[in-house]
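Heads up, the sequence shown is in UniProt numbering, so the first residue is 1 and it goes up one at a time. The C-beta atom is built at its ideal place from N, Cα and C for all residues, glycine as well. Predicted model only: the values in this text are computed from it and were never measured. Structure record follows, encoded as structure tokens.
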Amino acid sequence: MGANESMAVRPEETGGELRKMTPNQCVPTGNEVIVFHSPAQWKHHFGAARDSNQLMVIDFTATWCGPCRFIEPHIKEFAAQYSDVVFIKIDVDELPMVAAEFGAQTLPAFVLIKKGRAIDRVVGVKVDELRTKIEKHRAQPHPL
């Protein structure tokens with residue numbers, strides 16, 4: 001993928017539909033789910049976010065995963081509700097090295113990150129558990 005090709009989406013700009021973003025739009029502004037399609041894009045974004053105390057929720061998914069499709073509307077709701085949290089969607093078939101790095105073997109899997117470190121996780125379609133963990137970690141400073 002070249003420097004001018006698309007990489008992520010901003011659903012709020014299209015009435016909830018997914019839309020591709022250009023590489024210079026990789027920094028989220030809230031109320032969106034960002035999708036990465038290349039290792040370089042992911043490394044750039046994750047590297048820039050390592051020093052941030054902002055909560056990042058990575059949704060590991062796949063196009064063939066029924067439970068992943070089931071929970072997707074809830075993730076979009078969370079992104080709209082928690083504008084101070086960064087929501088990222090990673091397709092394990094497109095970026096298997098990222099899934100391996102975070103130990104995402106069962107889908108859907110959600111990894112909560114602060115300052116570049118995994119601080120919690122939820123595996124499966126557990127909407128209430130995910131909401132509880134987001135609310136718990138979004139306000140807490142990450143211990144060094």
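Note that the segment 71-87 does not touch the segment 114-121; fewer than 3 beta-carbon pairs, one per stretch, sit closer than 8 Å. With fewer than 16 other beta carbons inside 10 angstroms of its own, Thr-106 counts as exposed. In terms of Cβ geometry, Phe-102 and Val-111 form a close pair [threshold 8 Å]. In the DSSP assignment, Lys-76 falls within the unbroken alpha helix (DSSP H) covering 66-81.
Excluding residues up to 5 positions away in sequence, Leu-55, Val-57, Phe-78, Tyr-82, Val-85, Leu-112 lie with their Cβ nearer than 8 Å to the Cβ of Ile-134 in the same chain.
For Arg-131, the three-state secondary structure derived from DSSP is helix.
In the three-state scheme derived from DSSP, where H, G and I count as helix and E and B as strand, Phe-46 is classed as helix. The C-alpha of Ala-40 is placed about 12 Å away from the C-alpha of Glu-94. When the alpha-carbon of Val-98 is set against those of His-44, Trp-64, Glu-72, Ser-52, the nearest one is in His-44.
Under the three-state reduction of DSSP output, Val-98 falls in the helix class.
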